[in-house]
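I have placed the structure first, in the form of structure tokens, so that the comments after it can refer back to it.
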Amino acid sequence: MELKWADRRPIGALFPAGSSPELRMTRNPRGWFNDKSLDVTTPNGLALFRRRLLSYADFSVRILKAMNAQGVIVWDIEGQEHVEVTYVGDPRAATQMAPELDYLNVVDEFFKRFRDAGLRVGVTVRPQKLSFKDGKWRQETSDDPSRELIDKIAFAKNRWGATLFYIDSNDAYDTDSVKNAARAFPDILLIPEHEISRTYAYAAPYGEVRGDYVSTPRLVRDLYPGAFSIINVFDGNVAGAKPQLIEAVRRGDILLFQAWWANPNNPIVQAIYAAAAKQLEGVTP
27 MELKWADRRP IGALFPAGSS PELRMTRNPR GWFNDKSLDV TTPNGLALFR
77 RRLLSYADFS VRILKAMNAQ GVIVWDIEGQ EHVEVTYVGD PRAATQMAPE
127 LDYLNVVDEF FKRFRDAGLR VGVTVRPQKL SFKDGKWRQE TSDDPSRELI
177 DKIAFAKNRW GATLFYIDSN DAYDTDSVKN AARAFPDILL IPEHEISRTY
227 AYAAPYGEVR GDYVSTPRLV RDLYPGAFSI INVFDGNVAG AKPQLIEAVR
277 RGDILLFQAW WANPNNPIVQ AIYAAAAKQL EGVTP
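For the sequence shown, the tail end lands on 311 under our numbering, and the numbers increase by one without skipping.
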């Protein structure tokens, strides 16, 4: 068991580009805020985009602090213009794919708002190679997925101080890539979408309550007593799974919640952490 991550407070998730293709318009092709009226093609529109993105950050900070979160992961900092490669998972391409992020360095100020509030920040990365061919963006299998992850992580770490990384669309059986990235940056937390038992030695794999994932499997805990998971509680029967989630948090699992709005599940998350802390004699997991 190589992973060492003492902070088990919840983590917030943000999707500023939204997820509704029908709202991606000519003047807002990345789909920011699911707002078809937004225009990022004019000076006035860019100024408005900057104000809105920073307001989005400030509002999210308030939610994150109220939830006693340790940090936040921005799933789609590159935007969601190209459905065929979403989630993009290459922060190096963010300002190329979404040039409006370069306006008055708004992308850097965006992440700084969270860091200034004492929060960790993170982004999505993928082990695939992002390329642009024949007028289209593509996700191609990489000859060196470890290098893809390491280079993308290094960029986000150096530019934004990122330490939380969701690994999208990984090969569950390629644990070497996760291991190599974890060893290259021992101060980060990797959250791979897919896993086998060995993955838990180096990372905290992702699961969803809506997929009936409510705890790190017992077999994994037997193999790696310090193993833990990141459990998405955006939706699904979170209230019904509350007893299992209290036990999961007590044992060290981390809950992942939506941080840009008052999701009705967020108070349940707070209650879960409070109950788990009470069981641990007042020590926050």
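All C-beta atoms in this analysis are idealised placements derived from N, C-alpha and C, irrespective of residue type, glycine included.
In the three-state DSSP reduction, G187 falls in the coil class, being neither helix nor strand. According to the DSSP secondary-structure assignment, N258 is paired through a beta bridge with E234, L282. When the alpha-carbon of D238 is set against those of A32, D261, D102, the nearest one is in D261.
Contact check for Y113 against W286 fails: the beta carbons are separated by 8 Å or more. By a beta-carbon distance limit of 8 Å, G97 contacts V147. Their separation comes to about 6 Å. Per the coordinates, the alpha-carbon of V109 lies some 44 Å from the alpha-carbon of L306. Distances from the CA of F41 to each of M51, Y192, T68 were compared; the closest alpha carbon is that of Y192.
The alpha-carbon separation between P251 and T201 amounts to approximately 19 Å.
Within 10 angstroms of the beta-carbon of E221 lie 16 or more other beta-carbons, which makes it buried. Counting along the chain, L271 sits inside the alpha helix (DSSP H) bounded by residues 268 to 276. With fewer than 16 other CB atoms across the displayed protein chains lying within 10 angstroms of its CB, K304 is exposed. The Cβ-Cβ distance between I272 and P36 does not fall below 8 Å. Distance from L190 to V151 at the Cβ level is roughly 11 Å; contact not present, criterion being Cβ atoms closer than 8 Å.
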